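In our numbering, the protein residues as written are 1003 to 1454.
Note that beta-carbon positions come from the ideal geometry of N, C-alpha and C, so glycine has one too.
Nothing here was measured: the structure is a model prediction, and the numbers come from that model.
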């Protein structure tokens, strides 16, 4: 081999090692970035020395699919847990004051005092005040449910816009990657950015991906609806259904997990045996049914007991509680004092409140053989069970997602011990190539000295 050939081989080695050091440096500097994948420089050795090929990144398709799936499940459960917690607070699930049930028990206690002192105007005023508080509590629950329902609706609209942003981002990166790939450039950083966008999207909508031959990535919902392929889909939300912009076909059924799926489930109509699904509709029905139970005139009901008693002059004959639309109130005549609570109704009305003969069937909940406080407690107990189930599901989904992320990162992320070992190998190779060049240079100097 000529000295020039040896020099060229050593030089190609130095160039390759310098490029490899740059790649290694990028790995080390991004070691803590969860969106970064380990990069490697491919080299080819031939008669003319070492040449660098392309930079590739570590991949693990199986673990990547798992991470997308668990990210979607965690997003769904997390979104539901957030709003179930708000419902828990509204209904007093986690406090010693169980809200609705406590309001009923306070009315029971006031009636008991009035029974003992039926001529007491103070005791009668206390019954009316506690009844007004109970009606107010029922109305507050109804209003609170409407407020939370609007919050979920607005949150869904916001999440749909976030999803559109990620879809546009993926589409833009697809186009950039195709351009870079066609020119033979390094596309690995762009691919990392695209994967990060896909994972962020998976937190909102369950997705699956298909790699195309041109370097682009097609994105679909798990239900098979195209989100990105050639171009990005723009999603729309009308307050009930997710659709493609300009289309009326609902995509709700194709979105099976992710935050958006969780939010849609909370506001689903009807009833469901699945905790966190149709919960707003169920609770609204249960609260309305409880309110109606105070004004219904079935056998043994509170209204029947009050209305059926003898009415004296100046006393309210009927309608202790009145319903106006979905709102309940104490009869205005009792509140403004134009009529008094009738004496003959005190005992039967008090007995009806605590009688274990009442039923409630609404919003997927059926309760029989309870007093009014028991009906209220049953609503709260049912919600408490659902809150617990959703919370446990969210905790498990979050832990599973974290484990999947750890496994994925261990497979494709940067291992500092390996990088340090690679650095030592590169340093040794660089030193060897430099030594060859130094030796060749010394030989050239010796030849020039002989010539001179």
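By the three-class DSSP mapping on this structure, what secondary structure does residue i have?
i: residue 1233; result: strand
i: residue 1257; result: coil
i: residue 1415; result: coil
i: residue 1197; result: helix
i: residue 1056; result: strand
i: residue 1371; result: strand
i: residue 1211; result: strand
i: residue 1219; result: strand
i: residue 1122; result: coil
i: residue 1206; result: coil
i: residue 1402; result: helix
i: residue 1352; result: helix
i: residue 1041; result: strand
i: residue 1228; result: strand
i: residue 1090; result: helix
i: residue 1189; result: coil
i: residue 1250; result: coil
i: residue 1062; result: coil
i: residue 1112; result: helix
i: residue 1135; result: helix
i: residue 1264; result: helix
i: residue 1021; result: helix
Compute the distance between the beta-carbons of residue i and residue j, then report whether it is under 8 Å.
i: residue 1090; j: residue 1385; result: yes
i: residue 1139; j: residue 1165; result: no
i: residue 1134; j: residue 1337; result: yes
i: residue 1196; j: residue 1169; result: no
i: residue 1078; j: residue 1248; result: no
i: residue 1289; j: residue 1092; result: no
i: residue 1284; j: residue 1365; result: yes
i: residue 1382; j: residue 1367; result: no
i: residue 1304; j: residue 1374; result: yes
i: residue 1230; j: residue 1282; result: no
i: residue 1402; j: residue 1194; result: no
i: residue 1102; j: residue 1204; result: no
i: residue 1030; j: residue 1043; result: no
i: residue 1150; j: residue 1239; result: no
i: residue 1307; j: residue 1351; result: yes
i: residue 1413; j: residue 1062; result: yes
i: residue 1155; j: residue 1269; result: yes
i: residue 1058; j: residue 1211; result: no
What separation, rounded to the nearest whole angstrom, lies between the Cα atoms of residue i and residue j?
i: residue 1410; j: residue 1400; result: 15 Å
i: residue 1076; j: residue 1159; result: 19 Å
i: residue 1143; j: residue 1216; result: 56 Å
i: residue 1141; j: residue 1378; result: 14 Å
i: residue 1236; j: residue 1096; result: 41 Å
i: residue 1300; j: residue 1294; result: 11 Å
i: residue 1255; j: residue 1180; result: 33 Å
i: residue 1353; j: residue 1317; result: 20 Å
i: residue 1407; j: residue 1276; result: 28 Å
i: residue 1324; j: residue 1370; result: 24 Å
i: residue 1392; j: residue 1267; result: 12 Å
List the residues that DSSP assigns as beta-bridge partners of residue i.
i: residue 1245; result: 1238
i: residue 1364; result: 1367
Measuring only between beta-carbons, confirm whether residue i sits less than 8 Å from chain B.
i: residue 1106; result: Absent from the structure is chain B; it holds one protein chain and no more.
Unbroken stretches of the beta strand (DSSP E), 3 residues or longer, contained in the stretch 1269–1348 = Counting whole runs of 3 or more residues, the stretch 1269–1348 contains the beta strand (DSSP E) stretches 1323–1326, 1329–1332.
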